[in-house]
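Notes for the one structure printed next.
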Amino acid sequence: MNDRPFETVGEACGGRWLVTCDHATNIVPPCVNGGSLGISPADMVRHIAWDPGAAGVARAVAEALDAPLVLSRFSRLVIDPNRGEDDPTLVMRVYDGTVIPANRAIAEAEIDRRIRTFWRPYHTEVARLAARRPDTVLLAIHSFTPQLKGRPPRPWQIGILHAADDRLARPLIARLRAEPDLCVGENEPYGGHLPGDSVDRHAEAFGRPNVLIELRNDVIASPADQAAWGARLAPILTAALAETGA
150 MNDRPFETVG EACGGRWLVT CDHATNIVPP CVNGGSLGIS PADMVRHIAW
200 DPGAAGVARA VAEALDAPLV LSRFSRLVID PNRGEDDPTL VMRVYDGTVI
250 PANRAIAEAE IDRRIRTFWR PYHTEVARLA ARRPDTVLLA IHSFTPQLKG
300 RPPRPWQIGI LHAADDRLAR PLIARLRAEP DLCVGENEPY GGHLPGDSVD
350 RHAEAFGRPN VLIELRNDVI ASPADQAAWG ARLAPILTAA LAETGA
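Taken in order, the sequence shown gives residues 150 to 395; the numbers are from the working numbering.
Okay, here's the thing in structure tokens:
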């Protein structure tokens, strides 16, 4: 049993891509409030605790790209690896209408412990693999819920997120929008990147080409769906990267 806060797959792969999945699982380790955050099992399988389907897509696309992959092994409600250490949403107290009892009155000392136990080791591993070659390209895989409580349905099957460095995002968006069956969002359903988030930390700060892909979780609900999206995205990503000349 892997007791590390991350899983690394394909470390020996030779491709220049590095794939990450920040919200791969809804695991609450036993050292965190006895393995429970105090919310219902139904809430623990919702998007508030992880990115459903994202890990399967990440595995499939990493294999197709001959790329190493790093996946988190702790719920985003334990601590969110896609936030900076000083971000106020690093540990969520309330998320999409659900109060998180184990986080509601969390002490700074416990936040610091979770940073040291989960957040930093995960990012240390991503940094290690990103540095393995000088031309690394970072691909972050996430998923989003079709509809937040009390909000309109989200029409996009896929969203491409980018910050200032959009050299890979631009050709990728164009190629995806040429696919007749896709509704493609640019910086949707979320806008760009946050200071200190994973892409900022491991790509933007080093000038590495990068893109974050968000897939609506109902279109990647089954292992077959996840494998199909991985196989579909890999050649499009390869062509988009070639177009950048990077």
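Every residue, glycine too, gets a C-beta built ideally from N, C-alpha and C. Remember, predicted model here, so these are calculated numbers, not experimental data.
| request: Could you tell me which residues DSSP pairs with V206 in its beta bridges? | output: According to DSSP, which records beta bridges pairwise, V206 is partnered with nothing at all.
| query | Where does T238 land, buried or exposed, given buried means 16+ other C-beta within 10 angstroms? | reply | exposed
| request: Please go through the same chain and pick out, in chain order, the residues whose beta-carbon is closer than 6 Å to the beta-carbon of R253, but skip the five residues on each side of it. | output: R242
| message | Measuring straight from C-alpha to C-alpha, what distance separates A377 and E353? | response | 29 Å
| request: Less than 8 Å between the CB atoms is what I'm expecting for V240 and R263, so what's the real figure, rounded? | output: 7 Å
| What residue from N359, G308 and R324 has the CA that sits closest to D284's CA? | Comparing Cα positions, the closest option is N359.
| field | Selection from E259, F355 and E337 that minimises the alpha carbon distance to G345 | value | F355
| query | Which term fits V177, buried or exposed, when burial requires 16 or more other beta carbons within 10 angstroms of its beta carbon? | reply | Buried.
| said: Which of the three DSSP states is assigned to H291 in this structure? | reply: strand
| field | Contacting residues, own chain, Cβ-Cβ under 7 Å from G394 (five flanking each side not counted) | value | none
| Burial state of A276 (16 or more Cβ within 10 Å) | exposed
| message | I'd like the span of the beta strand (DSSP E) that includes W166, first residue to last. | response | It spans W166 to C170 - the beta strand (DSSP E) in which W166 sits, taken as one unbroken run.
| Distance, T266 Cα to I322 Cα | 37 Å
| When you compare each of E156, C170 and P384 to D229 by their alpha carbons, which one comes out closest? | C170
| task | Starting from N359, follow the beta strand (DSSP E) in both directions and report where the run begins and ends. | result | N359 to R365
| query | So, using beta-carbon positions, are G164 and L214 closer together than 7 Å? | reply | Yes.
| field | Whole-number beta carbon distance between I290 and V219, since they are thought to touch under 8 Å | value | Between I290 and V219 the Cβ distance is about 11 Å, and since that is not below 8 Å, they are no contact.
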